[in-house]
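Numbering (my numbering), first residue to last: 198 to 382.
We put the beta carbon where it would ideally sit given N, CA and C, even for glycine.
Beneath this line is the structure, given in structure tokens, with notes to follow.
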Amino acid sequence: MKCPSCGNLDNKVIDSRLSEGGEATRRRRECVGCGRRYTTYERIEEAIPLIVKKDGRRESWDRRKLLQGLERACQKRPVSAAAREEVADAIERELREGGEREVASSEIGEKVMSHLRELDQVAYVRFASVYRQFDDIGEFLDELQRLGQRVRTSERLRVPPPTSRPADAPRPADAPLPRRDEPVE
Ligand SMILES: [Zn+2]
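As structure tokens, this is what we get:
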């Protein structure tokens, strides 16, 4: 480490501690030449892997592109910019922790979908329909069906049973009117 004041390469460490939640080691150093004190941080190198596209081309990770895709999928949906940033953070973390040097773009797509599915189902379907481009329509339809079942189940839970309709509620238009002159059997 070169001293920022005199350029001397010799220094001694006078203090060493963890910082950034244990993700870096902070060291106070003192230049042997001029006595200047300065701080260095040491971190584990964790790079985001290269993205391998369908045609085999490699691209470096582009967070902005991911955020643009998320924004498009979430248009007019109740999803904040902060929530989209959190999805991007989570995906970047997963990619770093995966420790691979390269990762298929399809794997990124799957990650985005799994996060969107939790965040907003409409955004999820939009993203999935664009992302998968109907390459595998069977899989996509299965997913839509699973999604539909979940939505129907949650609706059923919210809608009160018909017996709880108040007595003075308007009768549905297609219900037959009761007939008083009908013999009771
Ligand atoms: Zn110095």
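| Check | Outcome |
| --- | --- |
| Contact the stretch 223–237 vs the stretch 199–211: 3+ CB pairs below 8 Å | yes |
| Best match in Lys308, Glu220, Val210 and Asn208 for proximity to glycine 266 [C-alpha to C-alpha] | Lys308 |
| Arginine 281, buried or exposed, once every other Cβ within 10 Å from all chains shown has been counted against 16 | buried |
| Coarse secondary structure for glutamate 244, derived from DSSP in three states | According to the sequence as given, residue 244 is alanine; it is not glutamate. Here alanine 244 sits in coil by DSSP. |
| Whether aspartate 317 touches valine 276 by CB criterion (9 Å) | yes |
| Arginine 225: CB within 8 Å of a non-hydrogen atom of ligand 1 | no |
| Delimiting residues of the beta strand (DSSP E) encompassing lysine 180 | The requested residue 180 is not part of the displayed model; the chain covers only 198 to 382. |
| Range covered by the beta strand (DSSP E) that runs through valine 300 | 299–301 |
| Same chain, Cβ closer than 6 Å to arginine 214, five either side skipped, listed in chain order | Arg223 |
| Beta carbon of serine 302 nearer than 9 Å to that of lysine 250 | yes |
| Minimum C-alpha distance to lysine 262 - residue among Ala285, Ala279 and Arg274 | Ala285 |
| Option in Lys273, Arg260 and Gln272 with minimal Cα separation from arginine 290 | Arg260 |
| Contact check, valine 274 vs alanine 320, beta carbons under 9 Å | Looking at the sequence itself, residue 274 is arginine, so the reference to valine does not match. Yes; because the gap between Cβ atoms is below 9 Å, this pair is in contact. |
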